[in-house]
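Data block below; observations after.
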Amino acid sequence: MAVVSPATDSRTRSAHASGFWVVALAFTAGMAFSTVPTPLYSLYQERDGFSTAVITVIFACYAIGVLVSLFLAGHVSDWLGRRRLLMAGLLVETISGVLFLVWTALPGLLLARVICGIGVGLITATATAHLGELDAAARPGASRTRADLVATAANLGGLSLGPLIAGALAQYVASPLEIPYWVFIVLMAAAIVGLLTVPETVAIHHRTYRPQHVSVPPDSRRQYFDAAAVAFVAFAVMGLFTGLAASFVAGTVHQTSHLMAGLPAFLVFFCAAAAQILLGRREPSNLFVIGLPLLAVGLVVVTVGVWVPSLALFLLGGALSGAGVGLLFKGAMSSAAGLAAPEARGEAAAGIFLAAYVGLTVPVVLVGVATRLVTLPSAMTGFAIAIMLACGAMGLRLRQSRSVAALV
Numbered sequence: 009m010a011v012v013s014p015a016t017d018s019r020t021r022s023a024h025a026s027g028f029w030v031v032a033l034a035f036t037a038g039m040a041f042s043t044v045p046t047p048l049y050s051l052y053q054e055r056d057g058f059s060t061a062v063i064t065v066i067f068a069c070y071a072i073g074v075l076v077s078l079f080l081a082g083h084v085s086d087w088l089g090r091r092r093l094l095m096a097g098l099l100v101e102t103i104s105g106v107l108f109l110v111w112t113a114l115p116g117l118l119l120a121r122v123i124c125g126i127g128v129g130l131i132t133a134t135a136t137a138h139l140g141e142l143d144a145a146a147r148p149g150a151s152r153t154r155a156d157l158v159a160t161a162a163n164l165g166g167l168s169l170g171p172l173i174a175g176a177l178a179q180y181v182a183s184p185l186e187i188p189y190w191v192f193i194v195l196m197a198a199a200i201v202g203l204l205t206v207p208e209t210v211a212i213h214h215r216t217y218r219p220q221h222v223s224v225p226p227d228s229r230r231q232y233f234d235a236a237a238v239a240f241v242a243f244a245v246m247g248l249f250t251g252l253a254a255s256f257v258a259g260t261v262h263q264t265s266h267l268m269a270g271l272p273a274f275l276v277f278f279c280a281a282a283a284q285i286l287l288g289r290r291e292p293s294n295l296f297v298i299g300l301p302l303l304a305v306g307l308v309v310v311t312v313g314v315w316v317p318s319l320a321l322f323l324l325g326g327a328l329s330g331a332g333v334g335l336l337f338k339g340a341m342s343s344a345a346g347l348a349a350p351e352a353r354g355e356a357a358a359g360i361f362l363a364a365y366v367g368l369t370v371p372v373v374l375v376g377v378a379t380r381l382v383t384l385p386s387a388m389t390g391f392a393i394a395i396m397l398a399c400g401a402m403g404l405r406l407r408q409s410r411s412v413a414a415l416v
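Position in the sequence shown counted from 1, then plus 8, gives you my numbering.
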């Protein structure tokens, strides 16, 4: 049996500790790139005359790419290696960035968004797992809290930084439909190089491939489907702000600043991350109790802001809604994990992601289609009312479930 010297052990821990932060930065860059187009949609509309419905279809292509990637390849890092799949995801996103630059017609934008979604699907689960394993190797016996917090900050924080950086670049530099992509292409290329220094944390081996399965715990179907419904609603709100907020800022408020166009999406994702970091360790039922009314109140404020119209109210409503979204999705994922057997938690989580990305895709496309018949404020108001009714219905179901649990 080989004896590991204290010096060797110290170097190994140091490599994992530094690798942890390299992966965190790479994760942040990859997620940020996925939201770069958000404040640029109004520019595409102005340049090519796109309708709002077309913008929502372009956005939906991204969600479809993520969903397909999660189920076909999001789990293969378990045997192909974390670092290898993370680098592949960043490379795929880099290809998407190049497509945005060289094929600017509508088919190119659609394809670029699908490819971007595929890259994000490769990165999300892989980077989260890699961070946990690197932290465990660097700090044996330590709590997972740091890894979980950093993963949340990199994921949702990255999503919030994308529209903010892209909006600022579009506002203050030339070529607003080119420079943001170039900046992130360089950042992701640097991240790929940096990942070459990161230790691998799983044993690479050959295994018969199968897509990710979706599993519903048979003894807890009602609670599981409730969690899936919560995830659907939470991501539907994210889709509204990511897909349509820039059009509202430019078309309804008549705010021409590209930086302001990216601010609503930034606030939603930033507040979602902050809420998860501050309150995410509570029980899922508590997260639902806080998140549902917070989301409903946020949407009321958003609706008022749409009709006044007031950008300040719209942003405040987005911040409140984002905090609610963060708590609801955290609660949904924790609830699914708690309901499933340990060996089926990945498959249970896959079902929650399926519901979430259907929520991210379908409602915002319906709102886009509705804008062909009514004004954007009217369509957004209809969406807000539907989500608030859903929040009320889920709140009643949660209350009933807690009452039944108290009687058992």
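For every residue, glycine included, the Cβ atom is placed at its ideal position computed from N, Cα and C. Values in this document were obtained by computation on a predicted structure and should not be read as measured data.
Q | First through last residue of the alpha helix (DSSP H) which encompasses Q284 | A | H266 to L287
Q.
Tell me the DSSP secondary structure of T132 in three-state form.
A. helix
Q. Taking DSSP as the reference, what is the three-state secondary structure of G82?
A. coil
Q. Are the CB atoms of A425 and L169 nearer to each other than 8 Å?
A. Examination of residue 425 is not possible in this model, given that the chain is present from 9 through 416 alone.
Q.
I'd like the list of long-range same chain contacts for A364, defined as Cβ closer than 6 Å, with 5 residues on each side in sequence excluded.
A. A239 and F243
**Q.** Delimiting residues of the alpha helix (DSSP H) encompassing E186
**A.** E186 -> no alpha helix (DSSP H), and no H or E assigned at all.
Q: Take the Cβ of A344 as the centre, count every other Cβ of all protein chains shown within 10 Å, and call the residue buried at 16 or more, exposed below.
A: buried
Q | At least three beta-carbon pairs within less than 8 Å, the segment 305-312 to the segment 257-267 | A | no
**Q.** the segment 199-213 / the segment 323-333 touching (three or more Cβ pairs under 8 Å)
**A.** no
(Q) Measuring only the C-alpha atoms, how far is Q284 from V44? (A) 23 Å
Q: Throw me the rounded Cβ distance for the L139 and A25 pair, which I believe falls under 8 Å.
A: Their Cβ separation, rounded to whole angstroms, is 12 Å, which puts L139 and A25 out of contact at 8 Å.
Q. How would you label T153, buried or exposed, when you count the other beta carbons within 10 angstroms and need 16 or more for buried?
A. exposed
Q | Best match in L142, H83, T369 and L177 for proximity to G27 [C-alpha to C-alpha] | A | L142
Q) Excluding sequence positions up to five away, which residues of its chain have a Cβ less than 8 Å from the Cβ of V112? A) What sits at residue 112 in the sequence shown is Thr, not Val. Taken in chain order, the residues that qualify are L185.
**Q.** V12 versus T102: straight-line alpha-carbon distance, rounded
**A.** In this prediction, V12 scores a pLDDT of 45, lower than 50, which makes its location untrustworthy; no coordinate-derived value is stated.
**Q.** Integer Cβ distance of G334 from A281, believed to fall under 8 Å
**A.** 6 Å
Q | Spatial distance of L48 from M196 (CA atoms) | A | 20 Å
Q.
Does G140 come out as helix, strand or coil in the three-state DSSP assignment?
A. helix
Q: In angstroms with no decimal places, state the Cα-to-Cα distance between L118 and A150.
A: 44 Å
Q: Out of L252, P292 and R290, point me to the one whose CA is closest to V276's CA.
A: L252
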